[in-house]
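Residues in the sequence shown are numbered consecutively from 1, following the UniProt record's numbering.
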Amino acid sequence: LFRLVPSAAVVKGLNTLSAWALQNGLLAGKQVFLCGESGEAKQAVAHLATKLGLTVLDKGSLSAARELEDFPLKLFPEWRLPLSIAVGLSAFFFFYLLIRDVIYAYVEKKNEISYRIMVALANKVVFPIVALVMLSLCYLPGAIAAFFQLYRGTKYRRFPNWLDRWMLCRKQMGLVALGFAVLHAIYTFIIPIRYSFRHKLISGVVDEVKNNKTTPSYFDNTEAWGTDSFISLGILGFFLFVLLGLTSLPSVGGSLSWREFNFIQSKLGHLTLFICTAHGYIYGWNKFLRPSTYKWYTPPGYMLCLIVPSVVLVLKLLLLLPCVDRALTRIRQGWERTQPKEMDEIKTTNL
């Protein structure tokens, strides 16, 4: 249109609004994009959009018109990578634990326990493991980026594309992890009402009555400490997890200062990761010492899921060392380390 009528002031915008939103008046807070060659024309359209309660974002010249056309056609572009990772992790751990628990019991012990797939396997494997790994993947790129800055001696060089894309989808990864954590909490609450759980308790009592004997029960103080610590850390970790998710909401995050938001997402985020990792370690307790844990010589799922969070916490501890933290803080404040090639150029210039 602009090429056909060069003298006309053409502005591309408002195409991201649906007819349903316009008809029902649901426009407050919505963001619209504008592009055009004339600043005055864009200002007039922006003024009209502001009167409608819209937030305007200028995308520059008409060369961005094709990008604006594609916006309404995109389907969760920022969620594709996190969801792909979550589906991949869920599938891997599900089939891994399916082989270790269900198939192993049927092959080695002739015990058919496929009913465990629906609740026990999902709550034991998919939800907690994927939630912990996804939470770790939210903080791993930050540690990698910090080491990149330390190695380069500057904060002004662009990160690799894969790391840049990874860092841009950390919020979505965290929300997916929170969703899995919520499912883990819900599934844990329904364990006492499962038929298999109640049948196991009742059958134990019936066997004792039939045999006219009582199984002695000894109180193990160490086991009590482990169980209480496991439950306590799980509750505390879930609470902090939900707190992190709430601060991701635009209405909540917008009311916080940058320092407050950074404190919650960084400091409390790593604390949440530490508590959830400790929750996993205490769940394992001394199981790693038992040969029966390694079915078909394979490690249990909780061992595999603790690898990534443990690596993230170790990297964070290295970054917290005074000598490393001091150098990283200087770099992020704008200081740059002079490279050897640059030093040679400076010496040559001085000569």
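Backbone N, C-alpha and C fix where the C-beta goes; we use that ideal spot for every residue, glycine too.
It should be emphasised that the depicted structure is a prediction, and the values quoted were computed from it without experimental measurement.
Alpha carbon to alpha carbon, how far is residue i from residue j?
i	j	result
G234	C138	19 Å
G153	R337	5 Å
Y106	Y96	15 Å
V314	C305	15 Å
F127	K155	37 Å
K59	W335	32 Å
F219	V182	32 Å
R170	T329	22 Å
I190	V119	9 Å
residue 376	F147	Residue 376 lies beyond the stretch modelled for the chain, which goes from 1 to 351, so this question has no answer here.
Q333	G226	44 Å
L178	L273	12 Å
I186	R194	13 Å
N15	L4	21 Å
R116	N24	48 Å
L75	G174	19 Å
V130	T55	37 Å
S203	S196	10 Å
K109	P291	16 Å
K347	P322	In this predicted model, K347 has a pLDDT of only 42, less than 50, meaning its place in the structure is not dependable; the value taken from the coordinates is given anyway. Rounded to the nearest angstrom, the two C-alpha atoms are 33 Å apart.
residue 361	Y281	Only positions 1 to 351 of the chain appear in this structure, which leaves residue 361 out of reach.
G39	R259	36 Å
K124	I307	17 Å
F180	L249	18 Å
K267	I99	38 Å
L48	S84	40 Å
K51	S251	22 Å
Can you check which of these residues, the options, is closest to residue i by C-alpha distance?
i	options	result
E37	L62, L140 and T50	L62
F239	C276, F219 and Y218	C276
D164	V182, L175, A177 and I144	I144
T298	S7, T55, L73 and F93	F93
W162	G174, G142 and V5	G142
L68	V324, L57 and E40	L57
Y104	V324, L321, F159 and Y294	Y294
K316	L132, S136, A122 and K74	S136
A122	Q149, Y151, L89 and K109	L89
S18	I99, W79 and L73	L73
L34	L52, Y281 and A65	A65
I264	T188, L243, S251 and R80	L243
W79	L289, L48, W166 and E112	W166
V312	L98, K200, A224 and L132	L132
Any heavy atom of the ligand MN closer than 7 Å to the beta-carbon of residue i?
i	result
F288	Among the components modelled here there is no ligand, and therefore nothing to report on the ligand MN.
Classify residue i as helix, strand or coil using the three-state DSSP reduction.
i	result
M343	With a pLDDT of 43 at M343, under the threshold of 50, the predicted position of this residue should be treated as unreliable, though the coordinate-derived value follows. In this structure, M343 counts as helix in the three-state DSSP scheme.
L304	helix
H57	One point to set straight first is that residue 57 is Leu, not His, in the sequence displayed. It is a strand residue.
F127	helix
G13	strand
V32	strand
G237	helix
M118	coil
W285	coil
F147	helix
S18	coil
G334	coil
D220	coil
S80	For the record, residue 80 in the displayed sequence is Arg; it is not Ser. Helix.
K110	coil
Given residue i, which residues of its chain have a CB within under 7 Å of its CB, disregarding the five upstream and five downstream residues?
i	result
A278	L233
H270	Y139 and K316
W285	G226
H184	N123, F127, P128 and A131
Take residue i and list the residues in its own chain whose beta-carbon comes closer than 6 Å to its own, dropping the five residues that flank it on each side.
i	result
V176	P82, A86 and M134
S114	V102
F288	none
F71	T16
Quick one: what's got a C-beta closer than 8 Å to residue i's C-beta in the same chain, skipping five residues either side?
i	result
S7	none
L320	none
Y283	F230 and Y302
F159	A145, F148 and M167
T247	G253, L256, F261, I264 and Q265
P309	L132, V133, L135, S136, L273, C276, T277 and G280
L324	For the sequence presented, residue 324 should be read as Val rather than Leu. The residues are L150 and L318.
Is the segment 5-15 close to the segment 43-54, with three or more CB pairs under 8 Å?
yes
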